[in-house]
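Everything below concerns the one structure shown next.
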Amino acid sequence: MTSDQAHESHCRREYAGAKISKVKFLLDEYDNAEYFVTGSWGKAKHAASDSVTLWSTKNEPTEESSGIEKLSCQKVESDVNDISVVSQSRFVVGLSNGDIKVFGCSGEALESKQTYSTVHAKASSTAVCVVSNTIFSGTPKLRFVTTDLMEVTSLVSYGTSQLVSAHTTGQQNSSSFQSCCCMNDSVTAIASHPSEPNVIAFGTNSGHISFFDIRAPSKTFRIY
């Protein structure tokens with residue numbers, strides 16, 4: 002355990018005991034984020050492989066300690082591919098066996114809340130994202146599925162690529178299915194602009210960076 006404070010650096014290091022595939026801070030609207038979760042992967046016989054771990058950075062680093070504390074660890078059935086944070090006390094994990102798991106943080110302990118098994122017909126869940134209590138999961142099979150954390154009571158389509166859903170919680174959600182195609186290349190990363198979230202940037206396998214605006218009314222997004 003080390004804390005590198007040379008040249009006014011604030012880098013902290015802690016050995017996690019496993020290969021880390023994802024790191025996500027838990028949301029906190031009232032204070033600085035002091036808790037984060039990690040997902041791991043590796044050989045099944047390794048004690049720390051295929052697990053989700055809750056960490057804290059509340060403690061100040063010293064010469065003997067990094068101040069990073071492992072609070073709780075939960076084993077999962079296969080490699081962790083992605084993590085999507087819902088709130089300060091809940092997050093969703095996509096696994097390589099196709100399972101999607103919902104975890105809760107009760108105090109400083111992790112608790113498995115729900116498991117959606119093999120949602121991609123045993124294909125891997127490579128990416129997960131939660132929007133308005135709906136879980137979106139992607140797969141190498143060139144498709145994605147959605148799982149709603151609220152019960153859906155009705156669905157209606159409008160326009161050429163929009164859908165509205167009604168829920169038992171009283172909420173009504175609108176979803177867009179507009180698409181953007183990057184010909185003869187692979188998209189490897191995507192992010193929204195911090196001050197203009199309607200502007201989306203993405204990087205490709207060939208080294209290009211492009212943008213598109215999700216406010217575009219056409220069925221297919223225009224790439225800039």
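Positions 2 to 225 (the working numbering) are the ones given, in order, by the sequence shown.
Where a beta carbon is used, it is the ideal one built from N, C-alpha and C, also for glycine.
Please read all numbers here as calculations on a predicted model, not as lab measurements.
Endpoints, beta strand (DSSP E) assigned at residue i
{"i": "alanine 192", "result": "188 to 193"}
{"i": "glycine 70", "result": "The amino acid at residue 70 is misidentified as glycine; the sequence shows glutamate. Taken as a continuous stretch (DSSP letters only), the beta strand (DSSP E) holding glutamate 70 covers 70 to 76."}
{"i": "glutamine 163", "result": "163 to 168"}
{"i": "serine 85", "result": "81 to 88"}
{"i": "leucine 96", "result": "91 to 96"}
Neighbourhood of residue i by C-beta distance below 6 Å, restricted to the same chain and skipping five residues each side
{"i": "leucine 164", "result": "Ser158 and Ser176"}
{"i": "serine 1", "result": "Since the displayed the chain opens at 2 and closes at 225, residue 1 lies outside it and no answer follows."}
{"i": "serine 73", "result": "Leu55, Ala110 and Leu111"}
{"i": "alanine 34", "result": "Phe26"}
7 Å Cβ shell around residue i - same chain, five flanking residues per side excluded
{"i": "phenylalanine 212", "result": "Val200, Ile201, Ala202 and Tyr225"}
Buried versus exposed, by CB contacts within 10 Å (16 or more), residue i
{"i": "valine 24", "result": "exposed"}
{"i": "arginine 14", "result": "exposed"}
{"i": "glycine 108", "result": "exposed"}
{"i": "serine 138", "result": "buried"}
{"i": "threonine 119", "result": "exposed"}
Beta-carbon contacts of residue i that lie in its chain and below 8 Å, excluding the five residues immediately before and after
{"i": "aspartate 186", "result": "Thr205, Asn206, Ser207 and His209"}
{"i": "isoleucine 21", "result": "Thr39, Gly40 and Ser41"}
{"i": "alanine 7", "result": "Any reading at alanine 7 is ruled out, since the residue's pLDDT is 43, under 50, leaving its predicted position unreliable."}
Selection from the options that minimises the alpha carbon distance to residue i
{"i": "isoleucine 101", "options": "Glu197, Glu70 and Val129", "result": "Val129"}
{"i": "serine 193", "options": "Lys123, Ser138, Ile215 and Ile136", "result": "Ile215"}
{"i": "alanine 124", "options": "Ser79, Leu28, Thr58 and Ser90", "result": "Ser79"}
{"i": "valine 53", "options": "Gly95, Ser138, Ala122 and His121", "result": "Gly95"}
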